[in-house]
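Chains as they are written, first to last, in our numbering: chain P, 1 to 498; chain S, 499 to 996.
All residues carry an ideal CB built from backbone N, CA and C; glycine is no exception.
Here the structure is a predicted model, which is why all the values come from computation and not from measurement.
What follows is the structure in structure tokens.
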């Protein structure tokens with residue numbers, strides 16, 4: 001057999017295992033009975049072992065060596081070879097014993113973090129976190145890097161991402177967004193949202209609203225599902241079977257809808273993948289930053305626009321006629337756009353969100369380089385919140401212990417959230433040039449022109465290009481914070497007349 | 499490594515794959531989005547291939563050869579070796595090409611049967627059925643048999659089952675049950691069930707009733723689920739994760755409850771398996787006949803008893819206060835026990851059900867031996883219905899085309915349904931000797947003494963014994979139709995004063 005087709009055969013096998021594992025994971029989060037947890041762990045461990053065997057098979061290495069010598073490969077073939085090489089290197093460079101020790105440590109660490117957060121006591125998590133940082137350093141050394149150890153960790157979540165690419169993006173944000181936030185805070189004006197907080201919002205109405213909005217955006221429910229889970233996510237085995245979840249609170253009706261729009265963004269991306277590249281790495285959705293751009297696009301850029309609020313107001317009124325009495329589109333828009341520095345990242349507004357990420361990014365760099373000791377971390381965290389957001393955490397649970405990521409060993413992950421925000425603004429800004437009627441379309445609930453644009457420029461391009469190349473191809477410029485900063489400045493000006 | 503432990507390692511791997519496949523199948527039936535069907539087929543085919551590779555690995559054959567020489571194996575070890583041998587022989591005796599051709603034919607055949615049934619035209623299915631019979635004969639020849647080809651097919655679904663064991667069971671039934679049915683029919687008395695048919699039964703009430711009854715019987719919902727599906731079944735990956743389904747009709751409230759009790763019987767059996775034998779063949783539930791005995795026990799022997807109706811009447815009244823006004827326990831009991839010859843097996847009462855099976859069993863024997871040609875099958879079918887049940891199908895959809903089994907190549911499967919009925923009566927009759935307060939317990943909703951008896955005598959025994967041996971160990975006698983015939987005669991006497 002031709003080496004390329006032999007490689008594709010192995011990759012298809014690996015993809016099948018990923019599909020099955022994805023269903024096992026979805027089921028576990030959404031509806032598995034509680035006593036099934038232990039054996040579900042065994043099933044997932046079994047399929048992970050089987051998949052690891054294929055991923056590290058010496059035959060893959062031989063085929064890649066052979067294919068990398070070939071000069072006759074087209075774009076897609078080259079992308080498959082490049083992506084298979086990245087995956088093979090990542091899988092083979094970490095010694096089996098290291099991977100198994102790391103997995104054990106992460107399980108332990110997740111438990112001590114949960115305990116520490118519950119008891120509001122950083123010292124419970126301290127030792128495990130210190131060890132996680134050691135593990136992360138070792139991992140970076142196994143994976144290899146050019147400039148900084150931290151680069152190797154960033155590269156895990158977005159191929160090709162480095163500190164030298166990220167620093168300018170965050171600097172642009174810091175210089176432009178921090179003053180905006182300060183000026184809003186100084187104005188001290190707060191819209192009246194008593195109609196939100198003083199009402200109760202029944203779940204069935206929220207469910208129907210989520211469903212209707214997701215359908216309108218273009219999520220295909222014949223090829224996917226909506227469910228509820230404690231931690232909302234978008235999963236599912238393949239583009240014909242995309243499953244997203246949300247959660248409901250009777251005191252906050254925005255959480256479920258904007259969560260649904262976020263996951264709908266991830267979901268439409270998965271459903272829009274190039275189907276002629278099924279089972280191939282080049283046919284997969286691109287890195288985490290691009291994925292997050294699609295979720296943030298619908299959640300924020302579209303979902304929190306005045307035009308969207310104008311379109312969705314009648315839907316709100318249909319589901320909650322009493323609560324919404326007298327509420328106008330502009331009231332809804334102000335309520336979903338409250339800019340207010342707060343301690344908790346996942347509750348942050350669009351303006352402050354990236355400052356939360358920037359703080360984590362700066363801290364991770366310092367921890368990995370050794371310029372910050374774990375014992376000094378809580379104070380450093382609180383100081384940075386005070387410096388950049390003007391508020392200081394009063395306890396570690398709403399401070400340094402708030403995020404699950406470090407307890408899972410995910411160091412280098414946070415920046416992809418901000419990349420998503422920047423990419424989403426940059427993509428929408430480019431799309432607007434092709435769609436002069438964009439605002440009117442959103443006001444009329446016609447989301448298909450924008451979705452079609454994303455399908456063509458982003459979804460159908462799979463992982464053929466590297467993330468930064470994809471952004472440049474789609475928008476005409478390399479990744480930059482400009483579009484996002486401009487978008488935010490405009491919005492704050494409109495909201496607060498600044 | 500010791501050969502026995504090496505074998506157990508391979509068997510655990512195979513079991514893991516069965517667990518995963520079972521979840522894939524459950525999801526497919528219960529909630530998978532429609533467009534996902536094709537790739538779900540690929541996932542299932544992939545895991546089936548992986549599993550087949552292990553099941554037919556020459557190493558398994560070598561280990562079995564070695565272990566079969568050993569004289570130091572205990573009961574459980576011997577059972578594992580015996581069961582692994584049966585599975586190995588069944589997997590290796592069928593040539594790969596034959597298996598693949600058969601799978602292709604079965605897919606085709608399922609389509610032509612569906613078409614034939616919809617159009618009420620046997621000729622559409624005729625050629626595929628003839629081919630299925632050829633395939634079944636070849637399969638029997640590959641698998642091997644002592645007396646009759648049909649024995650090899652029976653053995654697939656219940657190990658050790660043969661015509662020489664089944665004929666006397668069916669003869670006992672035919673001689674004793676057919677006259678009972680005739681005498682009921684001659685009496686021409688029909689209880690008044692207008693309170694059932696003239697009311698509408700809302701689904702939420704049926705759901706709560708199903709849930710409450712299943713919980714009361716002892717199904718553990720922390721280790722399992724109840725859902726809805728078009729074809730009710732009991733599945734799920736393992737004893738900690740047992741998932742059963744039912745279906746609801748607003749015109750027939752009994753279908754969902756008695757379906758739920760049936761699946762609860764299967765489900766409690768799975769939950770009661772011996773957990774120290776996890777992943778081992780000896781720890782699995784025994785053959786299909788024993789499995790069916792547990793479902794029929796709760797559905798019929800318990801569920802259709804007067805005592806159960808006395809206990810459940812207040813639950814019915816709680817969910818359906820208006821519909822149940824003036825209905826007494828005896829009315830409920832008569833309604834769920836209507837004895838009436840009908841054309842459709844799945845709707846048949848306890849008395850006529852086994853006659854439906856007997857007709858299929860006799861026909862299968864004739865088809866496999868070649869004593870009945872496929873062209874003569876529809877007339878033969880109708881003649882037998884007229885002879886044994888006194889009614890003649892007016893079209894093939896409610897006659898020879900009603901069951902899906904032959905279209906799937908499942909020839910030799912039907913008798914396990916009747917075995918289940920016979921075993922359930924024989925087991926309950928033995929349990930009654932140990933449980934003198936049985937009737938009062940059922941009347942009081944105390945199902946745990948009976949469930950505990952089944953746990954100890956049946957569930958915890960896994961597949962350590964062969965099915966017929968298990969029945970003999972649990973009841974003191976080999977399988978026989980006596981208990982069932984006596985049970986039925988008693989019931990008909992009480993119901994119709996015959």
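Could you tell me whether any Cβ in chain P is nearer than 8 Å to the Cβ of residue i?
i, result
"residue 856(S)", "no"
"residue 719(S)", "yes"
"residue 540(S)", "yes"
Who does residue i pair with in a DSSP beta bridge?
i, result
"residue 508(P)", "Outside the shown range of chain P, which is 1 to 498, sits residue 508(P), and nothing can be said about it."
"residue 241(P)", "238(P)"
Would you mind working out which of the options sits nearest residue i, comparing C-alpha positions?
i, options, result
"residue 432(P)", "301(P), 344(P), 418(P)", "301(P)"
"residue 354(P)", "91(P), 180(P), 56(P), 139(P)", "180(P)"
"residue 592(S)", "636(S), 566(S), 743(S)", "636(S)"
"residue 497(P)", "323(P), 183(P), 125(P), 148(P)", "183(P)"
"residue 975(S)", "601(S), 934(S), 928(S), 826(S)", "928(S)"
"residue 986(S)", "791(S), 847(S), 577(S)", "847(S)"
"residue 426(P)", "457(P), 109(P), 409(P)", "457(P)"
"residue 379(P)", "395(P), 390(P), 279(P)", "395(P)"
"residue 850(S)", "879(S), 816(S), 887(S)", "887(S)"
"residue 168(P)", "479(P), 494(P), 60(P), 492(P)", "479(P)"
"residue 775(S)", "507(S), 500(S), 501(S)", "507(S)"
"residue 250(P)", "205(P), 7(P), 128(P)", "205(P)"
"residue 866(S)", "570(S), 651(S), 568(S)", "651(S)"
"residue 260(P)", "282(P), 194(P), 231(P), 118(P)", "231(P)"
"residue 384(P)", "370(P), 372(P), 359(P), 373(P)", "359(P)"
Indicate whether at least one CB of chain S lies closer than 8 Å to the CB of residue i.
i, result
"residue 35(P)", "yes"
"residue 302(P)", "no"
"residue 39(P)", "yes"
"residue 241(P)", "yes"
What residues of chain S sit near residue i, judged by a beta carbon separation below 8 Å?
i, result
"residue 27(P)", "521, 525"
"residue 31(P)", "723"
Starting from the beta carbon of residue i, find every residue of chain S whose beta carbon is closer than 7 Å, and list them in chain order.
i, result
"residue 5(P)", "Those do not exist, as residue 5(P) stays about 18 Å from chain S at its closest Cβ, beyond 7 Å."
"residue 46(P)", "514"
Can you list the residues of chain P that residue i reaches, using a CB-CB cut of under 8 Å?
i, result
"residue 517(S)", "39, 43"
Can you pull the chain P residues whose beta carbon is under 9 Å from the beta carbon of residue i, in chain order?
i, result
"residue 735(S)", "36, 39, 40, 43"
Is any heavy atom of the ligand GTP found at a distance shorter than 7 Å from the C-beta of residue i?
i, result
"residue 346(P)", "The ligand GTP is absent from the structure shown, which contains no ligand whatsoever."
At least three beta-carbon pairs within less than 8 Å, the region 444-455 of chain P to the region 402-416 of chain P
Put simply, the region 444-455 of chain P does not touch the region 402-416 of chain P. Fewer than three CB pairs are less than 8 Å apart.
Using 8 Å as the threshold, is the region 971-984 of chain S in touch with the region 670-678 of chain S, meaning 3 or more CB pairs across them?
yes
Check whether the region 584-594 of chain S touches the region 546-557 of chain S, counting contact only when three or more Cβ pairs, one atom from each stretch, lie closer than 8 Å.
yes
Count the C-beta pairs between the region 925-941 of chain S and the region 653-666 of chain S that are closer than 8 Å, then say yes if the count reaches three, no if not.
no
Pairs of beta-carbons, one from the region 909-921 of chain S and one from the region 783-791 of chain S, closer than 8 Å: are there three or more?
yes
Stretch pair the region 753-770 of chain S + the region 702-718 of chain S: three plus CB contacts closer than 8 Å:
Contact holds between the region 753-770 of chain S and the region 702-718 of chain S, because three or more Cβ pairs, one in each stretch, are under 8 Å apart.
Across the region 512-531 of chain S and the region 559-578 of chain S, are there enough close Cβ pairs to call them in contact, namely three or more that are closer than 8 Å?
no
Per the contact definition of three or more C-beta pairs closer than 8 Å, is the region 569-582 of chain S in contact with the region 956-963 of chain S?
yes
Take every Cβ of the region 186-201 of chain P, pair it with every Cβ of the region 233-243 of chain P, and state whether three or more of those distances are shorter than 8 Å.
no
Pairs of beta-carbons, one from the region 256-264 of chain P and one from the region 294-310 of chain P, closer than 8 Å: are there three or more?
With a cut-off of 8 Å, the region 294-310 of chain P and the region 256-264 of chain P count as touching, because enough Cβ pairs lie within range.
Taking contact to mean 3 or more Cβ pairs, one atom from each stretch, closer than 8 Å, check whether the region 241-257 of chain P and the region 34-54 of chain P are in contact.
no
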